[in-house]
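If you want this note's numbering, it's the 1-based position in the sequence shown plus 495.
Contents: one structure, followed by commentary.
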Amino acid sequence: SRSGLRIVAAKIHRMTVAEAEEFYGPVRHVLREKLKGMVAERASKAIAAELGLTLPEEVKGPLGELLGPRYGDNQFYQIVQFMTGRWGEGLVDEEKNKPGTQLCLLLVYAGVNAIARIRNILGPTDPSKALPGSVRREFGQDIMVNAAHASDSAENAHREMAIVKVGEETIRPWVAAYYP
496 SRSGLRIVAA KIHRMTVAEA EEFYGPVRHV LREKLKGMVA ERASKAIAAE LGLTLPEEVK
556 GPLGELLGPR YGDNQFYQIV QFMTGRWGEG LVDEEKNKPG TQLCLLLVYA GVNAIARIRN
616 ILGPTDPSKA LPGSVRREFG QDIMVNAAHA SDSAENAHRE MAIVKVGEET IRPWVAAYYP
C-alpha cells in the first residue's frame, strides 16, 4: 500500500449493536458532555421562535444540562445505527447480539508509526477539512459519516480489535470463491 505498512489482518464484518455500543462507548460520554452548550443555544432559539419567549442565561444552563445528554445519546445511537443498520437504544440483549445489516471491511496495519501514517492517509474526521485525495475527503459525507475509522492509540487499537474479533478471518472464503 502507499502507506509503506503491512496489512496483517483483514475481516469482512457485520457489527452487532452490542459491539458498536462497546466500540464507540468512549464517544458517548464525550457527546453527552460536549453538546450541552450547543443544545442549550438551539433549544433557546427554538423556544424564542415558537413561543416568542427569550430565555435568560440562568435558564439556558440547566436546559443544556437536561437536554444535552439526551441529544448526545441520540447522536451516539445514530453512529450505532450507521454501523449496524439497527437503532440500538431499547433493544434486548438477544437483539443487540445479532449481526448488523451493514458490511464493513476491517484492516489491521503494522509498521513504524502505523497509527499516525494511517490517520494521515484518512485525513481529519471532518471530511470538509481533509485534503483532496484523502479517504475522508473523497468518500466521507460529514463528521458522523466520514468513511473510515482509525484508532488513535495502540491501546485503543487493541481494545477495538478485541471487540470486533479481528482474528476471526473472513476474507479467505471470499477470495477462494472468486479466485479458485
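Even for Gly, the Cβ is constructed at its ideal location relative to N, Cα and C.
Where residue i falls: helix, strand or coil (DSSP)
{"i": "Lys555", "result": "helix"}
{"i": "Arg509", "result": "coil"}
{"i": "Val525", "result": "helix"}
{"i": "Arg654", "result": "helix"}
{"i": "Ala645", "result": "coil"}
{"i": "Ile676", "result": "Nothing can be reported for residue 676, as the shown portion of the chain is limited to 496 through 675."}
{"i": "Ala609", "result": "helix"}
{"i": "Ile503", "result": "Checking the sequence, you will find Val at residue 503 rather than Ile. Three-state result, Val503: strand."}
{"i": "Val630", "result": "helix"}
{"i": "Leu598", "result": "coil"}
C-beta contact flag for residue i and residue j at 8 Å
{"i": "Val522", "j": "Ile574", "result": "yes"}
{"i": "Thr688", "j": "Lys506", "result": "This structure does not reach residue 688, given that the chain is present from 496 up to 675, and the question cannot be answered."}
{"i": "Ala515", "j": "Thr579", "result": "yes"}
{"i": "Val512", "j": "Gly595", "result": "yes"}
{"i": "Leu602", "j": "Arg509", "result": "no"}
{"i": "Ile610", "j": "Ala652", "result": "yes"}
{"i": "Ile613", "j": "Ala645", "result": "yes"}
{"i": "Leu466", "j": "Ala538", "result": "One cannot answer for residue 466 here, as it falls past the ends of the chain, which runs 496 to 675."}
{"i": "Val630", "j": "Ala504", "result": "no"}
{"i": "Gly559", "j": "Ala535", "result": "yes"}
{"i": "Tyr572", "j": "Glu589", "result": "no"}
{"i": "Glu655", "j": "Phe518", "result": "yes"}
Cutoff 8 Å: residue i Cβ touching any chain C Cβ
{"i": "His644", "result": "Going by chain labels, chain C is absent from the structure shown, which holds only one protein chain."}
Buried or exposed by the 16-neighbour rule on C-beta atoms within 10 Å, applied to residue i
{"i": "Val670", "result": "exposed"}
{"i": "Pro675", "result": "exposed"}
{"i": "Pro622", "result": "buried"}
{"i": "Glu553", "result": "exposed"}
{"i": "Arg632", "result": "buried"}
{"i": "Arg667", "result": "exposed"}
{"i": "Leu600", "result": "exposed"}
Legend entry - Segments of 4+ residues assigned as alpha helix (DSSP H) that fall wholly inside the segment 539-587: If we require 4 residues or more, the alpha helix (DSSP H) runs fully inside the segment 539-587 come out as 552-579.
Legend entry - Sufficient close CB pairs (3 or more, under 8 Å) joining the segment 524-542 to the segment 564-574: Judged by Cβ distances under 8 Å, the segment 524-542 makes contact with the segment 564-574, as three or more pairs qualify.
Inset, instruction - Please determine if the segment 636-645 and the segment 536-552 are in contact, where contact requires at least 3 C-beta pairs separated by less than 8 Å. - result: With fewer than three CB-CB distances shorter than 8 Å, the segment 636-645 does not count as touching the segment 536-552.
Legend entry - the segment 496-504 / the segment 597-612 touching (three or more Cβ pairs under 8 Å): Taking a cut-off of 8 Å on C-beta distances, the segment 496-504 touches the segment 597-612, as three or more cross pairs fall below it.
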